[in-house]
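Have a look at the structure below before the remarks.
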Amino acid sequence: MNLILLLLPVALLLGFLGLCAFFWSLKSGQYDDPDGAAQRILTDDDCL
Amino acid sequence: MSCCAGDIAEEIGAQDYREVSRREEYLHAGHALKSGDTKYVFSIANVHCGACINIIEKQLDKQTGVKSARVNLTLKQLEMIIDQKADILQIVNQLDKMGYPPTPVDLGDLSEFKQEQQSAKLIRALAVAGFAAANIMLLSVSVWSGADGETRKLFELVSALIAIPAIAYSGQVFFRSAFSALRFGHLNMDVPISLAIILSLFMSLYETFYGSGEAYFDAGVMLLFFLLIGRYLDQKMREKARNSVFALSKIAAKGANRILPDGHMSYIPIDQVKPGMVMRIFPGDRTPVDGIMISGQTDLDRSLVNGESDTHAPKIGEEIEAGVLNLTGAIDIKASKPADQSFLSEVSKMLEAAENSRMTYVSLADRMAKIYAPVVHIFALVAFLIWFFIVGESWHLSLNIAISVLIITCPCALGLAVPVTNVIAANQLFKHGILMRDGTALERAAEVIRIAFDKTGTLTFGTPKLADSDVEALDDQTKAYLKALTSRSSHPASKAIANALKEITPADMSDIREIAGFGVEGFINGKPIRLGRAAWVAEIASNSETPQEDKISFAVEGQTLLQFNLQETLRTGARHTRQYLKEHNIAVEILSGDGEGAVVKIAEHLGIKTWLAGLKPADKHKHLHALENDGTPTMMVGDGLNDAPSLAAAHVSMAPASACEVGRQAADFIFTNDSLNAVPFTVSTAQMAKRIIKQNFGIAIAYNMIAIPLAFLGFITPLIAAIAMSASSIIVVLNSLRLSWHDMRTIETKVEP
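Going line by line, the protein sequences match chains Z and P.
Residue numbers for the first sequence, in this note's numbering: 1 to 48.
Residue numbers for the second sequence, in this note's numbering: 1001 to 1753.
Printed below as a string of structure tokens:
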């Protein structure tokens, strides 16, 4: 029982962190151009 | 630069002024930022891989004044911020040269910004609901697997703590819409949804604190989550449709070069043009208003205005409509009407009327919702009444059953059935270069049993081609002469000849000049060589008989006159399209503003038996209107200004991206690839989408047939509700995903030409 009292908030907190991370990624524009991001990783800027 | 009235600007001057007006137009397309920089968004249709992104960004970074340039591959857009040092025209020309012609996207519209906010709001609501649903579901699983006593109470309490803020935040979308519907005395789908969510929340709270029954927190939040997915997809879809409109709202004649009485020229916005003002129209420009030609000589391309495929040389005093493309020489026209009464705006008035009178199409989902919403309410109410009064159960058990009826019948699967399918279909079309402008267009396209094609620019390419037999008959010297004469001209006939002679090295010719209204002339060793109108060329030729007027003539001084035929080239895929439509029992007809001869040639070539020639915009409109009233759902495919009213009047319409702005605005679909195969592909995708939507409705109804009686009898526990809701939604989504296998190849392989 005591364990649950500890685990519940921890689980919820982790979930909440995930939610915050999602909002952050949304805000920083990581979902603006999924196709472009997939292609950009293949271009090697350092060599040019 | 000085420019005396009466003396039409020389070619270099004309080029300069043209640059000025083009620059002006691009400057208007920019969006001034607070920092003093300017932001541009361009739509670039042919960005399709990582290399394109790289090339464009690298090249633009090298340009002076470009602060940032970023390509968005998903939207096929380029976002660019430049400072005052940058020359936008130079950047645009650079992109053009690289093979990525940009079309500016209008940033000035506020409503688009609002839409963007709307979808951001929905995704946030979706994320919160998803988070809540997942956590509550975990707690519920432990309840179902046997947690009881204090533990169960604790879990339910935690569930309530998560559910209350989540529903308060994410549910707003539905509550607002339900509230406004109720206020106007309507019932929409959001009313039972809101009722189910709110009632289940309160009932569950009651059970948690006072009762010992089942709590429905998970069902309420999951319902919210699934429905928000549908809502979000719907919104995204509408946004995409709007984006494609902006991307294509290409710069039309927004201004005009006015010649002031003192001979100077100034660029004025189109709405300031008044009758009597003199405008100069340079080669390559379109006439901004209706006017009377007062000086100069040129050839006009009227194909977008009336579908005529041949060029026309206007005489002094002739009336010229707005929207005509000036080809060879600069001309002055005196405006005869203000801009809002020009041919162009008359067409757009006709267009507006057609759009207003277009049957307000009620989508399948809305029709379903209209029946569904009252039925759900009645079921729930009846369930409560029966259990409370007839069976004589306690009020809270009766209410519980009524709520489980509401939850179970709530249209998770229904809410997903239409948007998921539409989004996948629209994506599929987008991948093949077809942009959808209206959400209901897909449904309308599925009903089409007749397709009316415009000829010039739709069935054919707007540009003519030299007949192959004519090319073969030429000797090498003539070819070299022709190449030299045509390679610099922008006249469609010249371009056609130059294209046919791609491999030839031009002869060394001096003093090549284009004589507007007549043709091109050049000299070899002082001997004139002419290409152009028959009578003019015949002046130097040795032939005595009069040549045919309708052909292109060529002669070296003192030698025999040669004549060429210009042919219209069929758009790629035209024959294939015809074949496919024939096999699928869709009738085809041609509606053209061009002369009968030209239309018959194309009709025979494609084996189309029904055609009408010499139609005015109003005739086409009337024709389509009549078909619509007859109950023949007809698709109109056209590109011209003269097609615009009929595009709007047709049941559904398509236009190539090469169409004029008005045409693109009026069409439901726009295809950016050259091939006409886009037409059968759109129709078949629409038909398949409709089939899948119907199947999805079938699945949802079958599910309800089983679930409602169970709920009525009080057998539905939160566990069963959760499983049933998820299962039906997943089946519907999986069924919709089948549509993503449908691509152009399925169209192309089905028909062997």
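Note that the Cβ used here is the ideal one computed from N, Cα and C, for glycine as well.
#1: Apply the 10 Å Cβ neighbour rule to Tyr1210(P) and answer buried if 16 or more other Cβ atoms are within range, or exposed otherwise.
#2: Inspect the beta-carbon positions of Val1071(P) and Ala1086(P) and report whether they are closer than 9 Å.
#3: Give me the DSSP bridge partner(s) of Asp1301(P).
#4: Under 9 Å between the Cβ atoms of Gly1220(P) and Ile1167(P)?
#5: Identify whether Ile1524(P) lies in helix, strand or coil by the three-state DSSP scheme.
#6: Take Phe1554(P) and list the residues in its own chain whose beta-carbon comes closer than 6 Å to its own, dropping the five residues that flank it on each side.
#7: Within a Cβ cutoff of 6 Å, which residues of the same chain sit near Ala1686(P), ignoring the five residues on either side of it in sequence?
#8: Given a cut-off of 9 Å, decide if Lys1620(P) and Leu1581(P) are closer than it, judged by their beta-carbon atoms.
#9: Closer than 7 Å by beta-carbon distance: list the chain Z residues that pair up with Gly1050(P), in chain order.
#10: Write down the C-beta distance between Asp1594(P) and Lys1455(P) rounded to the nearest angstrom, noting that I regard them as a contact closer than 8 Å.
#11: Taking CB distances under 9 Å as the criterion, tell me whether Gly15(Z) reaches chain P.
#12: For Val1158(P), return the contacting residues in chain Z, with the cut-off set at a CB-CB distance below 7 Å.
#13: Can you list the residues of chain Z that Phe1131(P) reaches, using a CB-CB cut of under 8 Å?
#14: Once DSSP output is grouped into helix, strand and coil, what is the label at Leu8(Z)?
#15: Please return the same chain residues whose Cβ sits closer than 6 Å to the Cβ of Met1359(P), not counting the five positions on each side in sequence.
#16: Identify, in the order they occur along the chain, each residue of the same chain with its Cβ nearer than 6 Å to the Cβ of Ala1541(P), setting aside the five sequence neighbours on each side.
#17: Under a CB-based cut-off of 9 Å, is Leu3(Z) close to chain P?
#18: When the Cβ atoms of the segment 1669-1678 of chain P are set against those of the segment 1687-1695 of chain P, are three or more pairs found closer than 8 Å?
#19: Along the segment 1123-1149 of chain P, where does the CB come closer than 8 Å to a CB of chain Z? Name the residues.
#20: Candidates Pro1528(P), Met1080(P) and Lys1034(P): which alpha carbon is nearest Ile1056(P)'s?
#21: What's the C-alpha gap between Glu1539(P) and Ile1529(P)?
#22: Between Pro1506(P) and Lys1527(P), is the Cβ-Cβ spacing less than 9 Å?
#23: For His1312(P), write down the residues that DSSP places opposite it in a beta bridge.
#24: With burial defined as no fewer than 16 other Cβ atoms inside 10 Å of the residue's Cβ, what is the status of Phe1226(P): buried or exposed?
#25: State yes or no: is the C-beta of Met1222(P) within less than 9 Å of the C-beta of Asn1400(P)?
#26: Would you kindly work out how many angstroms separate the C-alpha atoms of Leu1248(P) and Ile1497(P), rounded to a whole number?
#27: Would you say Val1071(P) lies against chain A (beta-carbon separation less than 9 Å)?
#28: Spatial neighbours of Pro1633(P) within its chain, please: C-beta separation below 8 Å, excluding the five flanking residues on both sides.
#29: Count the other C-beta atoms from every protein chain shown that fall within 10 angstroms of the C-beta of Met1368(P), then say buried if there are 16 or more, exposed otherwise.
#30: Reducing DSSP to helix, strand and coil, say where Gly1291(P) ends up.
#31: With a threshold of 16 other CB atoms inside 10 Å of the CB of Trp1741(P), please say whether the residue is buried or exposed.
#32: In chain order, what residues of the same chain have a beta carbon less than 8 Å from the beta carbon of Ile1316(P), not counting five sequence neighbours either side?
#33: Measure the alpha-carbon distance for Leu1414(P) versus Tyr1232(P) and round it to whole angstroms.
#34: Taking 9 Å as the CB-CB cut-off, is Thr1074(P) touching chain Z?
#35: At a cut of 8 Å, does the segment 1598-1605 of chain P reach the segment 1621-1630 of chain P through at least three beta carbon pairs?
#36: Would you call Asn1525(P) buried or exposed, if buried means 16 or more other Cβ atoms sit within 10 Å of its Cβ?
In terms of the structure at hand:
#1: exposed
#2: no
#3: Leu1325(P)
#4: yes
#5: strand
#6: Leu1531 and Leu1562
#7: Leu1442, Ala1445 and Ala1446
#8: no
#9: Gln39, Arg40, Leu42 and Thr43
#10: 6 Å
#11: yes
#12: Leu8
#13: Gly15, Phe16, Gly18 and Leu19
#14: helix
#15: The pLDDT assigned to Met1359(P) is 48, lower than 50, so where the model puts this residue is not dependable; a value taken from the coordinates is nonetheless given after this. So no residue of the chain qualifies.
#16: Ala1555 and Leu1561
#17: no
#18: no
#19: Ile1123, Arg1124, Ala1127, Val1128, Phe1131, Ala1134, Asn1135 and Leu1138
#20: Met1080(P)
#21: 11 Å
#22: no
#23: Leu1300(P)
#24: buried
#25: no
#26: Low per-residue confidence applies at Leu1248(P): pLDDT is 38, beneath 50, and the placement is therefore not dependable enough to give any value.
#27: The structure shown contains no chain A; its protein chains are Z and P.
#28: Arg1444, Glu1447, Val1448, Ile1449, Arg1450, His1651 and Val1652
#29: buried
#30: strand
#31: exposed
#32: Met1293, Ile1294 and Ser1295
#33: 14 Å
#34: yes
#35: no
#36: exposed
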